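Counting from 413, one number per residue, gives the positions in the sequence shown under the working numbering.
Quick notes on the structure that follows.
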Amino acid sequence: MKHLILLVLVGLGLSMQAQYKLKFKIEGLGDTTVYLAKYLGNRLYYADTTESKNGVAIFKKDHYDGGVYAVVVPGPKYFEFIMADKDVEIQTNPDNFIKHMKVIKSKENKVFYDYIHFINLKKPEAKKIAEAKTKLDPKKDKKKIKELEEKGKSLDLEVKSYQKKLAKENKDLLVGKILNMSIDPEIPTNIKENDTLRYKYYKEHYWDNIDLSDDRLVRSPIFHNKLEFYFKKMLLQHPDTICDNAHKLISKIQEGTDMFKYVVHYITYNYETSKIMGMDGVFVCMADTYYCPPEKTKAFWIDSAKLVELCERKDALKPLLIGKVAPNLRLADTTEKHWVNLHKDVNSKYTVLVFWADDCGHCKKEMPKIKELYDELKSKGVDVEVYAVNTALETTGWKKFVKEHNLNWINVSDFPDANKHPEKYIYEQQVTDLQSLNFRKTYDIFSTPQIYLLDKDKVIIAKKLDALNLAKILEIKEGLDEMEFTKKETKAKEEEERKRKEREAKQKDEKVKQ
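Encoded structure:
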C-alpha cells in the first residue's frame with residue numbers, strides 16, 4: 413500500500429511539472445509547417461517544428477532555453493518573442509506582424525511588445541525631424557535647425573526615459589534585463605567635456621547594465637552586438653589591450669556557464685580569424701589561458717581531439733608572434749655548400765624573410781616586385797637584406813628563377829640531400845639543426861609566399877605581408893617619401909579593385925535580367 417501511494421505521489425509530481433505551451437494564432441496562415449528558431453548571438457538556429465491547424469501553431473516541450481526566439485512561417489517570414497514564460501499565447505497577422513501583434517498570455521512579451529509599439533510610434537517623428545533638417549540651409553536657417561535639433565534631443569530623451577522606466581519596473585524579468593542591456597552607462601556631468609576621461613569612464617562601466625550571470629542573454633542579438641562593439645570599436649586593436657580586457661571581462665563570468673562559453677569562444681574565434689596583422693596574439697593568449705593544456709582545459713564544450721588540435725595550433729603560432737625573436741635558420745645557399753645563419757650572418761638593420769616556391773603562381777608575381785622594391789630601397793640607402801627560403805621539395809627550378817630575375821640577395825633552401833639525410837648535416841658536419849631543416853613546421857608554412865620583416869635583432873616587426881605593404885611599413889620606419897614602387901603598386905591595386913567592382917556590377921545586372 414505504501415509503495416502504491418509513493419508511486420501515485422511520484423506520478424502526480426511528474427504530471428505537475430510545468431510544460432512549455434506556446435500558442436501562436438496567425439490569421440490566414442492555414443495548415444502548414446511552422447518553425448521555432450532561437451538566437452545564439454546574432455544568428456537564428458532551428459529549435460523546434462510543428463504543424464499549424466487553421467492558422468494556429470502550438471509548440472509543446474518540457475524545456476526551452478530562455479532567450480529571444482522567432483516564429484518562422486512560409487515566405488519565409490518571422491516575428492520575435494521572449495522565451496521566458498512557460499505559457500505563451502500570441503495573435504498576429506502576416507501582413508504586418510508587429511502592427512497586429514496581440515499578446516494574450518505572457519507578461520514578458522506584453523512588456524516586450526509595449527516597448528516595440530512605443531518605439532515604432534516614435535520612429536515617424538524622428539524621421540520627420542531628420543527630413544525637415546535636410547531641407548534647410550545651414551547658413552540661412554540656423555534658428556529653425558536649432559529648434560529641430562532641440563526637438564530631436566527631446567524625443568531621444570523621451571525614448572530613453574521610457575526604456576529606463578520599463579527596464580527598472582521589470583528588472584527581474586528577462587525582458588527587463590534585455591532592455592537594460594541596451595542602456596549605455598551615464599557619463600558624470602563633470603567629465604562629459606573631457607574626451608579622455610569620458611572614454612575611460614565609459615569603458616570601465618560598459619558592462620554595468622548587463623547581467624553576466626544570466627545565460628539567457630547570450631541568446632539575444634543585443635548581447636552579441638554589445639560584445640562586438642566593445643572589442644572591435646572601443647578597444648585599441650592591439651593584442652595586449654585585447655587580451656587584458658578579455659581577461660577582465662571573463663573574470664566576472666562563472667566558469668562552466670553558457671555565458672562563459674559564448675564570450676571565450678567569441679573572442680578566441682574572432683581573433684584567430686582576424687585579418688588584422690598581429691591579432692593571432694589574442695588567439696594564443698586565449699588558448700593559453702582557457703583551452704590549454706587539454707588536461708586542464710576550461711573549454712568544456714570542445715571534444716578532446718579538437719582541443720589537442722587547437723593547442724597544437726597555438727604552439728605553432730606562439731614563437732611567430734610580432735615582438736618575438738624569429739626562430740633561427742641555418743640553410744644552404746644555391747651552391748648547397750655554404751650554410752647561411754639567419755641570426756649571425758645577416759647583420760642589416762632590416763631583414764626581409766621570405767618563404768617562396770618557384771612552382772607557386774603567386775610567388776612568381778610577388779618575387780619580382782620584392783626585387784624591384786629591394787633595389788629602390790638600396791638606392792635610397794636603406795640597410796635592408798633579404799633572406800629568401802625556397803620551400804619546394806625535389807626541385808632545382810628555383811635556382812633558374814633566381815638567376816633569370818637577378819635575385820641578388822641571400823637565397824637558401826633545404827636541398828634534396830639534406831632533406832633525405834639530415835643526420836649527415838646535423839650531426840656529422842654540424843652545419844645546421846633540426847629546427848632549420850624543419851623550417852616549414854618551424855614557421856608554420858602552409859602556403860606561399862610568406863613574408864616577415866625583422867629588425868636588427870631579428871625581432872618580428874611585421875608578417876603576412878605583400879610587397880606593397882612591406883614598402884609602406886619601411887617608408888614609415890625610415891621616414892621616406894612615397895617611393896616609385898609604392899606609387900606604381902598602389903595605382904595597380906586601385907585599377908584591379910575598380911575592375912573587380914565593374915565585374916561584380918555586371919554580374920549583378922545579369923542576374924537581375926535573368
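Glycine is no exception: its CB is placed at the ideal position from the N, C-alpha and C atoms.
What you are looking at is a predicted structure, and each value in this text was computed from that prediction instead of being measured.
Where Gly487 and Val446 are concerned, what is the direct C-alpha to C-alpha distance, given to the nearest angstrom?
11 angstroms
Hey, quick one: how far does the beta strand (DSSP E) through Glu707 stretch, first residue to last?
Here Glu707 belongs to no beta strand (DSSP E), and DSSP marks it neither H nor E.
Helix, strand or coil, according to DSSP, for Glu501 in the structure here?
Three-state result, Glu501: strand.
Smallest Cα separation from Met513: which of Glu520, Lys519 and Ile502?
Distance from the Cα of Met513 is smallest, within the candidate group Glu520, Lys519 and Ile502, for Ile502.
Inter-residue spacing [alpha-carbon to alpha-carbon] between Met671 and Phe712
12 angstroms
For Lys514, the first and last residue of its enclosing beta strand (DSSP E):
Lys514 to Lys517
Leaving out five residues on either side along the sequence, give the residues of the same chain with a beta carbon under 7 angstroms from the beta carbon of Tyr458.
Tyr447 and Ala449
Taking the CB atoms as reference points, tell me whether Asn621 and Pro597 lie closer together than 8 angstroms.
yes
Quick check on DSSP: helix, strand or coil for Met428?
Because the pLDDT at Met428 is just 48, under 50, the model does not fix this residue reliably, and the point stays unresolved.
Helix, strand or coil, according to DSSP, for Tyr799 in the structure here?
strand
Give the list of continuous alpha helix (DSSP H) stretches no shorter than 4 residues that lie fully inside the region 672 to 726.
Within the region 672 to 726, the complete alpha helix (DSSP H) runs of at least 4 residues are 692 to 698.
Across the region 863 to 870 and the region 761 to 773, are there enough close Cβ pairs to call them in contact, namely three or more that are closer than 8 angstroms?
Output reads yes: the region 761 to 773 touches the region 863 to 870.
Closest residue to Ser663 among Arg628, His650 and Thr701 (Cα-Cα distance):
Thr701
Hey, Thr803 and Ile857: beta-carbon distance below 8 angstroms or not?
Closer than 8 angstroms, so yes.
Residue nearest to Lys473 in terms of C-alpha spacing, selected from Asp499, Gly467, Arg455 and Ser464
Asp499
For Leu416 and Cys697, I'd like the C-alpha separation in whole angstroms.
For Leu416, the predicted structure reports a pLDDT of 48, less than 50, and the residue's modelled location is therefore unreliable. A value from the coordinates is still provided. Leu416 and Cys697: Cα-Cα distance of roughly 59 angstroms.
Classify Gln862 as buried or exposed, calling it buried when 16 or more other Cβ atoms lie within 10 Å of its own Cβ.
buried
Using the three-state DSSP reduction, which class does Gln862 fall into: helix, strand or coil?
strand
In this structure, does DSSP put Leu416 in helix, strand or coil?
Confidence is the limiting factor: at Leu416 the pLDDT is only 48, short of 50, which leaves the residue's position unreliable and the question unanswerable from this model.
Cβ atoms of Leu765 and Tyr786: under 8 angstroms apart, would you say?
no
For Gly425 and Lys604, what's the separation of their Cα atoms in angstroms?
Confidence at Gly425 is low in this model, with a pLDDT of 46, below 50, so its placement is unreliable and the value that follows should be read with caution. Distance between the alpha carbons of Gly425 and Lys604: 58 angstroms.
Which parts of the region 801 to 837 are runs of the alpha helix (DSSP H), unbroken and 4 residues or longer, counting only runs that do not cross its ends?
809 to 816 and 828 to 832
For the pair the region 464 to 483 and the region 434 to 441, tell me if three or more CB-CB distances fall below 8 angstroms.
yes
May I have the straight-line CA-CA distance separating Glu908 from Lys899, to the nearest angstrom?
14 angstroms
For Pro731, which residues from the same chain have a beta carbon less than 7 angstroms from its beta carbon, with the 5 sequence-adjacent residues on both sides left out?
Hits under 7 angstroms: Pro739.
Roughly how far, in whole angstroms, is the beta-carbon of Val523 from the beta-carbon of Leu452, given that I think they are within contact range, below 8 angstroms?
Contact doesn't hold; Cβ gap of about 23 angstroms is too wide.
Using the beta-carbon count (16 or more within 10 Å), is His833 buried or exposed?
Exposed.
How would you write the range of the beta strand (DSSP E) that Tyr618 sits in, first residue to last?
Segment: none, Tyr618 is in no beta strand (DSSP E) and carries neither H nor E.
Bridge-paired residues (DSSP) for Asn753
Arg742
Is it buried or exposed for Arg631, if we count other Cβ within 10 angstroms and need 16 for buried?
buried
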